[in-house]
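Here the structure comes first, spelled out in structure tokens, and everything after it is commentary.
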Amino acid sequence: MIKLAIYGKGGIGKSTCTANLAAAFATLGKRVIQIGCDPKADSTINLLGGTPVTPVMDYLREHDDEPESIEEISETGFGGILCIETGGPTPGLGCAGRGIITTFSLLEELHLFEKYKPDVVLYDVLGDVVCGGFAAPIREGYASQVLIVTSGEKMALYAANNIHNAVKNFEDRSYARVRGIIMNRRNVEQEEEKVCRFAQTAGLEIAADIPRSDDIIRCEDRGMTVIEGAPDCEAAKRFLALAQKLIDEEKAHE
Amino acid sequence: MKNNATIIPCYAADTAGVCSALYELGGMTVVHDASGCNSTYATHDEPRWESLQSDIFISALTEIDAIMGNDEKLISDVTAAAADLHPGFITVCGSPMPMMTGVDFDAIASEIERRTGIRTFAMHTNGTRSYLDGASEALLAVTRAFANPAPRDPKGVNILGATPLDLYTNGTAESVRGWMEKQGFSVKCCLAMSDRFEALSHLGEAAVNLVVSACGLPAAEYLREAYGIPYVCGIPVGVRFTVILAEALHKAAASGENAAPCMAHRGEGHIYCIGEPVYAGSLACELGAHLISPVTDDRRFLAPGDSAASSEEEIAEILRNAEHVYADPLYRFILPPEAMLHPLAHFAFSGRCYEHTIPNLICKEISL
Chain A
209 MIKLAIYGKG GIGKSTCTAN LAAAFATLGK RVIQIGCDPK ADSTINLLGG
259 TPVTPVMDYL REHDDEPESI EEISETGFGG ILCIETGGPT PGLGCAGRGI
309 ITTFSLLEEL HLFEKYKPDV VLYDVLGDVV CGGFAAPIRE GYASQVLIVT
359 SGEKMALYAA NNIHNAVKNF EDRSYARVRG IIMNRRNVEQ EEEKVCRFAQ
409 TAGLEIAADI PRSDDIIRCE DRGMTVIEGA PDCEAAKRFL ALAQKLIDEE
459 KAHE
Chain B
450 MKNNATIIPC YAADTAGVCS ALYELGGMTV VHDASGCNST YATHDEPRWE
500 SLQSDIFISA LTEIDAIMGN DEKLISDVTA AAADLHPGFI TVCGSPMPMM
550 TGVDFDAIAS EIERRTGIRT FAMHTNGTRS YLDGASEALL AVTRAFANPA
600 PRDPKGVNIL GATPLDLYTN GTAESVRGWM EKQGFSVKCC LAMSDRFEAL
650 SHLGEAAVNL VVSACGLPAA EYLREAYGIP YVCGIPVGVR FTVILAEALH
700 KAAASGENAA PCMAHRGEGH IYCIGEPVYA GSLACELGAH LISPVTDDRR
750 FLAPGDSAAS SEEEIAEILR NAEHVYADPL YRFILPPEAM LHPLAHFAFS
800 GRCYEHTIPN LICKEISL
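Sequences listed follow chains A and B, in order.
Per the numbering used here, residue 209 is the first one in the first sequence, and the count goes up by one each step.
Per the numbering used here, residue 450 is the first one in the second sequence, and the count goes up by one each step.
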């Protein structure tokens with residue numbers, strides 16, 4: 209099973225990249241689960257035609273008892289992708305990180321992976337590895353590889369470096385390893401050089417180079433990924449190539 | 450408000466279940482919690498604390514350590530203590546504060562095991578669940594780790610799930626052991642009262658396991674799966690049920706089939722037994738009563754007409770027409786006035802309040 213966690217600076221395009229990558233895996237015939245780990249709960253919206261799934265935290269807030277089935281807290285989106293959102297507490301209250309852990313425990317109790325038997329699981333994680341909750345997706349048993357999304361912007365690279373260092377801190381713990389970088393271009397000056405320099409210093413591969421694309425914006429306006437809405441565009445081809453590369457690696461690893 | 454208890458107390462929590470289950474086994478148990486909380490787990494919920502030493506520690510977690518995620522302090526303190534004490538195994542378990550900060554006990558246990566070379570278990574307790582959950586996890590962990598394949602003794606039996614939280618220290622566990630021997634069985638291991646962890650290596654010799662509390666069931670299921678040993682759920686309370694249980698044990702040992710005689714018989718009247726489902730269910734069989742299990746909703750222990758109601762409103766509603774109720778004395782405050790309470794103090798519920806009144810009902814006549 210391919211188990212990926214996607215991290216990166218807030219607003220850098222993690223959800224866009226995750227949803228497109230999920231859609232690419234599904235297009236290549238894989239059974240996919242995407243779990244949004246962000247209180248905003250908008251990770252999977254473009255796999256669902258713009259209609260959001262009820263986040264797990266919302267369900268728990270509204271019901272006395274925990275859900276008894278996966279169906280109560282998930283929706284099936286493009287390509288049969290099972291979409292789940294952790295959601296979070298009321299903004300400004302509670303603990304969002306704790307919400308992620310609670311959701312994961314619940315999914316375990318509902319035997320999500322045993323029942324659904326996915327080929328690919330993607331965790332779309334809010335921003336940085338700021339606390340135990342936001343490290344939960346890279347713990348043993350969850351994601352085994354991390355993809356860091358960055359552009360050539362200074363603060364995006366700064367966050368990418370923080371994430372890389374945070375993951376390295378867990379080297380003794382059988383946690384996920386950083387697989388590489390998704391360069392999500394913002395068309396800043398010398399973008400490729402800046403990202404390449406960071407990648408080289410960190411010893412990381414640029415796993416995918418996603419061009420700045422109006423197709424992505426147009427498709428998202430229609431509640432779609434480019435894999436669904438503009439499959440022939442360059443961005444879609446890059447996501448499909450990344451998915452294929454990861455599938456090939458998994459096969460070689462087996 | 451459904452789960453609020455305003456009249457009756459709540460049962461002991463999962464952390465207390467871990468400490469109780471492991472108390473006599475010869476390991477070192479470390480609860481990651483604030484200083485002072487050891488008295489809750491190892492004295493208020495533990496009747497053996499005065500008479501029997503056990504290495505149960507609190508990590509003395511501070512606010513700053515919790516905020517900073519200072520796992521290294523816990524790991525190095527446990528490693529240093531283990532170097533002095535040479536425990537047979539180590540257990541680290543959680544409490545509410547590490548639950549909120551998302552401490553990864555699996556990773557911490559692996560690190561402690563790597564540094565000490567001593568088998569280390571992570572318990573996923575958080576202080577909000579039933580003592581049965583904690584005790585179940587602890588007993589399953591040590592069973593998985595220390596049980597070994599062994600030649601089968603056709604008269605061999607294990608007792609699984611014995612803790613003072615359900616059986617107290619009034620000789621009930623010893624009486625169960627004595628009763629088994631009278632039935633011609635040889636007790637290989639009593640998990641977990643009066644045996645150390647070395648006795649777990651004999652678990653695989655048994656022909657049948659007797660599950661005396663719900664917390665013994667996960668270990669029993671593991672032994673069934675890994676070693677093919679069937680299990681029987683029940684505790685020999687009363688006289689009639691004792692005969693039923695003995696027959697079930699001999700039958701299971703011969704056939705290899707599991708059985709749950711503790712849910713085999715219920716009556717039609719308004720008689721209720723409230724408590725841990727194996728004990729209270731066995732009592733319900735003896736009396737022709739119904740079971741109310743506030744501590745687990747595991748349907749494997751519930752016969753038709755039984756209930757897993759856990760909130761005091763739900764329990765009070767079920768008891769609305771009750772005529773006789775066998776339960777901890779503290780339940781009297783939610784009984785209708787016409788119901789007769791037959792007090793059976795339960796240490797996991799009322800702790801020391803009525804501990805000296807807890808009866809040993811093994812093979813004793815019980816009547817309305």
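Note that the Cβ used here is the ideal one computed from N, Cα and C, for glycine as well.
> Which partner residues of M789/B appear in the DSSP bridge assignment?
Replying inline: H773/B
> Which residues in the same chain have their Cβ closer than 6 Å to the Cβ of T612/B, if we skip the five residues on either side of it in sequence?
Replying inline: In the same chain as T612/B, and ignoring 5 residues on each side of it, the C-beta atoms closer than 6 Å to its own belong to S469, A470 and A584, in chain order.
> Under the rule that 16 or more other beta-carbon atoms within 10 Å means buried, what is N453/B, buried or exposed?
Replying inline: exposed
> the region 526–556 of chain B: which residues have C-beta closer than 7 Å to a C-beta of chain A, in chain order?
Replying inline: M549, T550, G551, V552, D553, D555 and A556
> For E560/B, which residues in chain A fall below 8 Å Cβ to Cβ?
Replying inline: D380 and R381
>> Give me, in chain order, the residues of the same chain whose beta-carbon lies closer than 7 Å to that of A400/B; leave out the 5 immediate sequence neighbours on both sides.
In response: This structure does not reach residue 400/B, given that chain B is present from 450 up to 817, and the question cannot be answered.
> Is the beta carbon of C639/B within less than 8 Å of some heavy atom of the ligand FAD?
Replying inline: Ligands in the displayed structure: none, and consequently the ligand FAD is not present.
>> Going by DSSP in three states, E428/A sits in which element: helix, strand or coil?
In response: helix
>> The alpha helix (DSSP H) that contains V338/A, what's its start and end?
In response: Taken as a continuous stretch (DSSP letters only), V338/A belongs to no alpha helix (DSSP H), as it is neither H nor E.
> Shorter than 9 Å from the beta carbon of G518/B to some beta carbon of chain A?
Replying inline: yes
>> Using the Cβ count rule (16 or more neighbours within 10 Å means buried), how would you classify G295/A?
In response: buried
> What is the C-beta distance between A509/B and S484/B, in whole angstroms, given that I count them as a contact (C-beta under 8 Å)?
Replying inline: 4 Å
> Name the chain B residues whose beta carbon is nearer than 9 Å to that of E348/A?
Replying inline: D553, D555, A556 and S559
> For A702/B, does the count of other Cβ atoms within 10 angstroms reach 16, so buried, or fall short, so exposed?
Replying inline: buried
>> Using only CA atoms, which one of E270/A, H271/A, N392/A and D272/A lies nearest to G360/A?
In response: Closest option to G360/A, Cα to Cα, is N392/A.
> Does any residue of chain B bring its CB to less than 9 Å from the CB of C245/A?
Replying inline: Contact of C245/A with chain B is not assigned, every C-beta pair being separated by 9 Å or more.
>> Please return the same chain residues whose Cβ sits closer than 6 Å to the Cβ of L365/A, not counting the five positions on each side in sequence.
In response: T358 and F406
> Which of the three DSSP states, helix, strand or coil, is assigned to S469/B?
Replying inline: DSSP places S469/B in helix when its eight states are reduced to three.
>> Just to confirm my understanding: we take H651/B, look at its own chain, exclude 5 residues before and 5 after, and list those with CB closer than 7 Å. What are they?
In response: A599, K637 and C638
>> If I measure Cβ to Cβ from L534/B and keep anything under 7 Å in the same chain, skipping five residues before and after, which residues do I get?
In response: M477 and D504
> Going by C-alpha distance, which of A465/B, A713/B and P743/B is nearest M572/B?
Replying inline: Closest option to M572/B, Cα to Cα, is A465/B.
> In whole angstroms, what is the alpha-carbon distance linking T235/A and N377/A?
Replying inline: 35 Å
> Quick one: what does DSSP say L740/B is sitting in, helix, strand or coil?
Replying inline: DSSP, reduced to helix, strand and coil, places L740/B within a strand of the structure shown.
>> Going residue by residue through the region 502–571 of chain B, where are the continuous beta strand (DSSP E) segments of at least 3 residues, counting only ones entirely within it?
In response: 504–507 and 539–542
> Of all the CB atoms in chain B, is at least one closer than 9 Å to the CB of A384/A?
Replying inline: no
> What are the boundary residues of the alpha helix (DSSP H) that includes E316/A?
Replying inline: A304 to E317
>> Distance cutoff 9 Å, beta carbons only. Does A213/A sit that close to anything in chain B?
In response: Cβ-Cβ to chain B under 9 Å: no for A213/A.
>> I'd like the span of the beta strand (DSSP E) that includes K637/B, first residue to last.
In response: S635 to L640
> So who's on the other strand from E293/A, going by DSSP bridges?
Replying inline: G244/A
> So is I309/A in contact with chain B if we call contact Cβ pairs under 9 Å?
Replying inline: At least one chain B Cβ lies under 9 Å of I309/A.
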